[in-house]
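**Student:** Okay, so the sequence shown: first residue is 1199 according to the working numbering, each after it adds one.
Heads up, the beta-carbon is just placed ideally off N, CA and C, and yes, glycines get one too.
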Amino acid sequence: MVKNDTYAFQVEQITYKYNNQIALKDISLTVRAGERIAILGANGSGKSTLLKILDALYFPQSGKVCAFGEALTEAALQDEARAFALRRRVGLVFQDPDVQLFSPTVWDEVTFAPLHLGLPKTEVIERAEWAMDLLNITKLRDRAPHRLSGGEKKKVALASVLSLRPDVWLLDEPTASLDPRSQSRLLDFIGELSKEGKTIITATHDLDIVEEIADRVVMFCEEHEITSDGAPRELLADYDRLIECNLIHEHRHKHDGAEHAHHHLHPVAHEHQH
Ligand SMILES: Nc1ncnc2c1ncn2[C@@H]1O[C@H](COP(=O)(O)OP(=O)(O)O)[C@@H](O)[C@H]1O
Ligand SMILES: [Mg+2]
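#1: Which same chain residues end up closer than 8 Å to GLU1272 when comparing Cβ atoms and leaving out the 5 residues on each side of it in sequence?
#2: Give the DSSP-derived three-state secondary structure of ARG1414 in the structure shown.
#3: If contact is defined by three or more beta carbon pairs under 8 Å, each pair taking one atom from either stretch, is the segment 1261-1268 in contact with the segment 1306-1325?
#4: Quick check: what's the CA-CA separation for SER1226 versus GLU1371?
#5: Only counting the same chain, and skipping five residues up and downstream in sequence, which positions put a Cβ closer than 7 Å to that of ARG1285?
#6: So what does DSSP say about ALA1281, is it helix, strand or coil?
#7: With a threshold of 6 Å, establish whether the CB of LYS1245 neighbours any heavy atom of ligand 2.
#8: Should GLU1420 and SER1243 be called a contact, given that it needs their Cβ atoms to be closer than 7 Å?
#9: For the segment 1303-1349, which segments carrying the alpha helix (DSSP H) assignment without a break, of at least 4 residues, lie completely within its bounds, in sequence order?
#10: Taking 6 Å as the cut-off, is the CB of ALA1221 close to at least one heavy atom of ligand 1?
#11: What I want to know is whether the C-beta of GLN1473 ends up closer than 6 Å to one or more non-hydrogen atoms of ligand 2.
#12: If I measure Cβ to Cβ from ASP1203 and keep anything under 8 Å in the same chain, skipping five residues before and after, which residues do I get?
#13: What do you reckon, is the C-beta of GLY1261 under 6 Å from a heavy atom of ligand 3?
#14: Please state the DSSP three-state secondary structure of ILE1196.
#15: Do TYR1214 and ALA1206 have their C-beta atoms within less than 7 Å of each other?
#16: Leaving out five residues before and five after LEU1313 in sequence, what residues of the same chain have Cβ atoms less than 8 Å from its Cβ?
#17: Just to confirm the assignment, what range does the alpha helix (DSSP H) spanning ARG1363 have?
#18: By Cβ distance, which residues of its chain are closer than 6 Å to ARG1234, with the 5 residues on each side in sequence left out?
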């Protein structure tokens, strides 16, 4: 594999199983630095597992993963300097914030990673305040993260990575439980990050945000394999594939008492001829 920074990740034929439960089957994927990728797939297709592998939290049973040209193995990450450098460059916002949050207060949570990874204190304070303002959680500063609502927790989890400002952003269903204003601010922010050349990989099944957050779509099928990889416009127009991968649903409703069903991109306003 090439040892340089052209690639954020090079994933070669990885398979991951939880005990006997298959989560990723023979996945290969190359991510160039600066790319914006949406990972699409139905529940259980393997998106979260892939992000955890890219963040070196899990290691595949077979295949190979490189980050910035260097192998990501359990042995390599025993080297503290190496692990530190990786944690500073790659930030994962978990799908489930309960797994991510552990500090006694929101402020401690948002400042933990950058302080721990050695950023100057004044800069950490500035970044943390900025991140909390962006997500409108300044008022939660002294609250205990585990006593917040689901959406509030998600914002704290996001802010704790925002304050780190890594080169590579791994976002696991980032908009899923956010209110509209926070969603919109986050999407704007993802746009800004991308202009700064950051690499952004977002796992989602929200087809409506894909074109805004990605220039490339990698689609998982329910068999835990990659089934398509290409431009959002093309992939989002491939209805048969979207249905097959369980990314659009059959919309059922009644017209004049008669049951009627058709597929559509939820929740795009649905106008159709009868
Ligand atoms: N901790 C776990 N133990 C056992 N199986 C798991 C665990 N986490 C996920 N899985 C299984 O692995 C597969 C992929 O899960 P996941 O990566 O979470 O999918 P997605 O994020 O696309 O919903 C699913 O079949 C899921 O049930
Ligand atoms: Mg998931």
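**Tutor:** In terms of the structure at hand:
#1: Closer than 8 Å at Cβ, skipping near neighbours: PHE1257.
#2: ARG1414 falls in the strand class under three-state DSSP.
#3: No: the two stretches stay apart, fewer than three of their Cβ pairs being nearer than 8 Å.
#4: Here the alpha carbon of SER1226 sits roughly 21 Å from the alpha carbon of GLU1371.
#5: Only LEU1315 meet the Cβ criterion.
#6: DSSP places ALA1281 in the helix class (H, G or I) of the three-state scheme.
#7: Yes, the beta carbon of LYS1245 sits closer than 6 Å to at least one heavy atom of ligand 2.
#8: A contact, by the Cβ cut-off of 7 Å.
#9: Entirely contained in the segment 1303-1349, the alpha helix (DSSP H) runs reaching 4 residues are, in chain order, 1304-1314 and 1319-1332.
#10: Answer for ALA1221: yes, Cβ within range of ligand 1.
#11: Lying outside 1199 to 1472, the shown extent of the chain, residue 1473 is not represented and no answer is given.
#12: Apart from sequence neighbours up to five positions away, the residues of its chain that approach ASP1203 with a beta-carbon distance below 8 Å are ALA1231, PHE1266 and GLY1267, ordered along the chain.
#13: Ligand 3 is not part of the structure shown, which contains ligand 1 and ligand 2 as its ligands.
#14: Absent from the structure is residue 1196, since the part of the chain shown begins at 1199 and ends at 1472.
#15: No; because the gap between Cβ atoms is not below 7 Å, this pair is not in contact.
#16: Counting only Cβ-Cβ distances below 8 Å, and skipping sequence neighbours, we find LYS1319 and VAL1322.
#17: For ARG1363, no alpha helix (DSSP H) segment is defined, and its DSSP state is neither H nor E.
#18: Closer than 6 Å at Cβ, skipping near neighbours: SER1392, ILE1398, ALA1412 and ASP1413.
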